[in-house]
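Asker:
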Amino acid sequence: MTEAELDARTLAAAVQARVGMPLHSQLETTLRRLIESGQIAAGAVLPGELELAAQLGVSRHTVRHALGVLTNEGLLRRERGRGTTVVSATPKRIFERSLSSFYAFAWETRARGAQQRSYVLERKVIEADELLAQRLAISAGTEVERIVRLRTADDDPLVFETAYVPHDLAVVLDDTVLERESIYDELERRHGLRITRARESIRPVVLNRPVARLLRSTPGAPAFSVERTTWTDRGPIEWQESIVRGDRYLYSVDLPRQA
Numbered sequence: 001m002t003e004a005e006l007d008a009r010t011l012a013a014a015v016q017a018r019v020g021m022p023l024h025s026q027l028e029t030t031l032r033r034l035i036e037s038g039q040i041a042a043g044a045v046l047p048g049e050l051e052l053a054a055q056l057g058v059s060r061h062t063v064r065h066a067l068g069v070l071t072n073e074g075l076l077r078r079e080r081g082r083g084t085t086v087v088s089a090t091p092k093r094i095f096e097r098s099l100s101s102f103y104a105f106a107w108e109t110r111a112r113g114a115q116q117r118s119y120v121l122e123r124k125v126i127e128a129d130e131l132l133a134q135r136l137a138i139s140a141g142t143e144v145e146r147i148v149r150l151r152t153a154d155d156d157p158l159v160f161e162t163a164y165v166p167h168d169l170a171v172v173l174d175d176t177v178l179e180r181e182s183i184y185d186e187l188e189r190r191h192g193l194r195i196t197r198a199r200e201s202i203r204p205v206v207l208n209r210p211v212a213r214l215l216r217s218t219p220g221a222p223a224f225s226v227e228r229t230t231w232t233d234r235g236p237i238e239w240q241e242s243i244v245r246g247d248r249y250l251y252s253v254d255l256p257r258q259a
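Note that this note's numbering gives residue 94 to position 94 of the sequence shown, counting from 1, and the numbers run on in steps of one.
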């Protein structure tokens with residue numbers, strides 16, 4: 001399909017109706033197939049949302065949803081005043097995260113051959129409220145450091161992370177270390193601790209506007225909220241919440257059958 005043939009009628013005709021499959025998914029699947037197969041080349045400009053919506057007989061919102069998914073995957077670029085352009089035939093890498101063993105962002109990113117870096121957005125000493133004190137097994141009012149980081153792989157922002165560490169432990173962490181290394185490695189090295197386990201809870205959320213901007217995504221895009229408590233043999237040393245891009249992560253877990 002040449003760029004000249006990229007009109008709304010052609011794309012609408014390529015959408016194969018499937019019973020039980022939402023129209024935005026049909027459009028999304030069709031466009032992905034045409035782009036990845038090279039039938040729509042990089043640099044091609046897609047028809048406008050209203051034009052596509054009219055040809056498909058769907059709402060503009062449905063078209064926008066489908067284009068937003070492909071934009072988050074890195075196949076399209078959408079610019080105000082310039083429309084939607086095909087930028088790549090290769091979707092962005094999906095990171096699979098196993099929940100069957102302990103992991104850290106820095107470790108798993110390097111293991112997959114990606115260059116990890118963290119940007120420290122905030123460091124602030126606060127007093128633990130009742131809930132945070134309970135999570136860290138400390139007294140309410142104890143000083144805790146809040147560390148906010150944007151975690152990236154190959155300069156691609158994937159995770160917005162807010163961690164809470166008792167101040168007497170966090171005081172040894174400098175920003176240079178926090179940009180390059182795992183908090184866990186540095187706490188073990190500097191304090192002689194041994195991290196033994198973590199507990200996580202994961203729930204689906206949508207990105208708000210400030211976090212979406214940091215993650216170079218779209219407000220309302222699906223994401224995961226991952227809450228974690230990390231323990232050493234002496235007790236909990238960290239509680240964190242991470243907002244993880246839903247289009248870039250796949251969670252998996254082994255389920256051994258009990259005898």
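C-beta atoms are modelled at their ideal positions from N, C-alpha and C, and glycine is treated no differently. The model shown is predicted, which means the values in this text are computed figures rather than measured ones.
1) Mind reading off the beta-carbon distance from Q116 to R110? Whole number of angstroms is fine, and I expect it under 8 Å.
2) What residue does the beta strand (DSSP E) around R33 start on, and which one ends it?
3) Per DSSP, what kind of secondary structure is D262 in: helix, strand or coil?
4) Grouping DSSP H, G and I as helix and E and B as strand, with all else coil, what is A4?
5) Output yes or no for whether 7 Å exceeds the beta carbon distance between L214 and V120.
6) So what's I183 in DSSP terms, helix, strand or just coil?
7) Exposed or buried, Q258, counting other C-beta atoms within 10 Å across all chains shown (16 or more means buried)?
8) Along the chain, which unbroken stretches of the beta strand (DSSP E) at least 3 residues long are found entirely within the segment 130-193?
9) Applying the 10 Å Cβ sphere with the 16-neighbour rule, what's the burial state of E5?
10) Considering only residues of the same chain and omitting the five flanking positions on each side of D254, which have a CB-CB separation below 8 Å?
11) Grab the span of the beta strand (DSSP E) containing G83 for me, first residue to last.
12) Let's test the definition: count the other Cβ atoms within 10 Å of the Cβ of D168 and tell me whether it reaches 16, buried, or not, exposed.
13) Thinking C-alpha only, which one of D156, A44, V86, A133 is nearest I94?
14) Closest to D175 by CA distance: which of R146, R199, L193 is it?
15) Going by DSSP, what residue range makes up the alpha helix (DSSP H) through G68?
16) Pull up the distance between the alpha-carbon of V172 and that of S182, whole angstroms please.
17) Could you give the distance in angstroms between the alpha-carbon of G220 and the alpha-carbon of G192?
18) Under DSSP, the beta strand (DSSP E) around A53 begins and ends at which residues?
Answerer: Taking the coordinates as given:
1) Rounded, the Cβ-Cβ distance is 6 Å, consistent with contact.
2) Per DSSP, R33 belongs to no beta strand (DSSP E); it is in the alpha helix (DSSP H), 23-36.
3) As displayed, the chain neither begins before 1 nor continues past 259, which places residue 262 out of reach and without an answer.
4) Bear in mind that the predicted position of A4 carries a pLDDT of just 36, short of 50, making it unreliable; the figure below should be weighed with that in mind. In this structure, A4 counts as helix in the three-state DSSP scheme.
5) no
6) helix
7) exposed
8) Residue ranges of uninterrupted beta strand (DSSP E) with 3 or more members, entirely inside the segment 130-193 and ordered along the chain, are 143-153, 156-166.
9) Its pLDDT being 41, under 50, E5 is placed unreliably in this model, and the value from its coordinates should be taken loosely. E5 should be labelled exposed.
10) S98, S100
11) From DSSP, the beta strand (DSSP E) with G83 extends over 83-86.
12) exposed
13) For the residues D156, A44, V86, A133, the minimum Cα distance to I94 belongs to D156.
14) Closest option to D175, Cα to Cα, is R146.
15) 60-72
16) CA-CA distance, V172 to S182, rounds to 13 Å.
17) 42 Å
18) From DSSP, A53 is part of no beta strand (DSSP E) but of the alpha helix (DSSP H) over 49-56.
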